[in-house]
Amino acid sequence: MIKDLKLLVNNEMRDAYIHGFKSASEEGKVNVVQKGKRLDIKWDQEDEDAIRVLQSGRVQTNSYNELSMVLSTKLNLVVADSIAQGRSINTTVGEMQKIVNTEVYKLRRIARTEIINVGNEGRLASYKKQEKLRKKPFKYTLVVASGPRTCDAHIELKSRIPAAGLLIDDLIQLQQSVGASHGLSLTGNSLLHPNQRTILLRVP
Ligand SMILES: [Zn+2]
111 MIKDLKLLVN NEMRDAYIHG FKSASEEGKV NVVQKGKRLD IKWDQEDEDA IRVLQSGRVQ
171 TNSYNELSMV LSTKLNLVVA DSIAQGRSIN TTVGEMQKIV NTEVYKLRRI ARTEIINVGN
231 EGRLASYKKQ EKLRKKPFKY TLVVASGPRT CDAHIELKSR IPAAGLLIDD LIQLQQSVGA
291 SHGLSLTGNS LLHPNQRTIL LRVP
């Protein structure tokens, strides 16, 4: 089950990256390479490597790995406990089901955030390739989803990004400093935490 979860997550991450990459390419009206067609920007080994790094959890919040650990630890405890107590299989499975159910809501929340983050990484990879072609850097902004649950860090961040956008390094620096003053650390290229949707976008 844990193995299936990892595979599922890996596939979702790959899809999110590709989706981000393609949509950023469409904005710039550049072709993403398919074999034999005109090459504008290339999907290449660099992207494959980036996806692998994202999937390994080295860049992201690592929450999936943590979740898998917590889940397997809890399930193992239930099994050990059931054997010790001489519980029936049905009771044991019922107890295991409860554990799984309580962890699933966390999974949904994490999934939404991670997928947005990976999508942003794909977008940025495409933008960077476009920047090389046009030989001029883009200015970037973050589209922060606002609502009653938007945190102070994101409200401040939104107010501090100029309308004309920022160079990517400056945007990252701003996020790091705003994040730090609110006790958040930056993972990836856009400041994310559970329940926040922030999309990285170039300013046209
Ligand atoms: Zn926030």
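111 is the number of the first residue of the sequence shown in the working numbering; add one for each residue after it.
Cβ coordinates follow ideal geometry from the N, Cα and C atoms, glycine included.
### Message
If you follow the alpha helix (DSSP H) that Thr308 is in, where does it begin and where does it stop?
### Response
Position 198 of the sequence shown holds residue 308. Counting along the chain, no alpha helix (DSSP H) covers Thr308; the unbroken beta strand (DSSP E) around it starts and ends at Thr308 to Arg312.
### Message
For the beta strand (DSSP E) containing Thr251, name the first residue and the last one.
### Response
In the sequence shown, the residue the question calls residue 251 occupies position 141. In this chain, the beta strand (DSSP E) harbouring Thr251 covers Tyr250 to Val254.
### Message
By alpha-carbon positions, which one of Lys116, Ser135, Glu158 and Leu164 ends up nearest to Ile226?
### Response
By one-based count along the sequence shown, residue 226 stands at place 116. The residue among Lys116, Ser135, Glu158 and Leu164 with its C-alpha nearest the C-alpha of Ile226 is Leu164.
### Query
In terms of alpha-carbon separation, which member of Leu294, Leu311, Val180 and Leu302 lies closest to Gly275?
Locating residue 275 in the sequence shown gives position 165, where the first residue counts as 1. Minimum Cα distance to Gly275 is reached at Leu311.
### Query
When DSSP builds the beta bridges, which residues end up paired with Leu276?
As a working mapping, residue 276 is identified with position 166 in the sequence shown. Beta bridge pairing from DSSP links Leu276 with Tyr250.
### Task
Excluding the 5 residues preceding and the 5 following Leu302 in the sequence, name in chain order all residues of the same chain whose CB lies nearer than 7 Å to its CB.
Translated into positions along the sequence shown, residue 302 becomes position 192. For Leu302, where only same-chain residues beyond five positions count, the Cβ hits under 7 Å are Thr223, Ile226, Asn227 and Thr308.
#### Entry: C-beta atoms of Glu137 and Leu181 nearer than 7 Å
What you label residue 137 is simply residue 27 of the sequence shown in a count that begins at 1. What you label residue 181 is simply residue 71 of the sequence shown in a count that begins at 1. Contact: no.
### Message
Cutting at 8 Å between CB atoms, please list the residues of its own chain near Tyr250, excluding the five before and the five after it.
### Response
On the sequence shown, position 140 is the one that residue 250 refers to. Same-chain partners within the cutoff: Tyr237, Gly275, Leu276, Leu277, Ile278, Leu281, Leu310, Leu311, Arg312 and Val313.
### Query
What are the start and end residues of the alpha helix (DSSP H) that includes Gly232?
One-based indexing of the sequence shown puts residue 232 at position 122. Here the alpha helix (DSSP H) through Gly232 covers Ile199 to Arg244.
### Query
Is there contact between the region 264–272 and the region 239–255, where contact requires at least three CB pairs shorter than 8 Å?
Verdict: yes, contact present.
### Task
Go ahead and pull the three-state DSSP assignment for Leu118.
Taking the sequence shown and counting its residues from 1, one reaches residue 118 at position 8. Reduced to three states, the DSSP call for Leu118 is helix.
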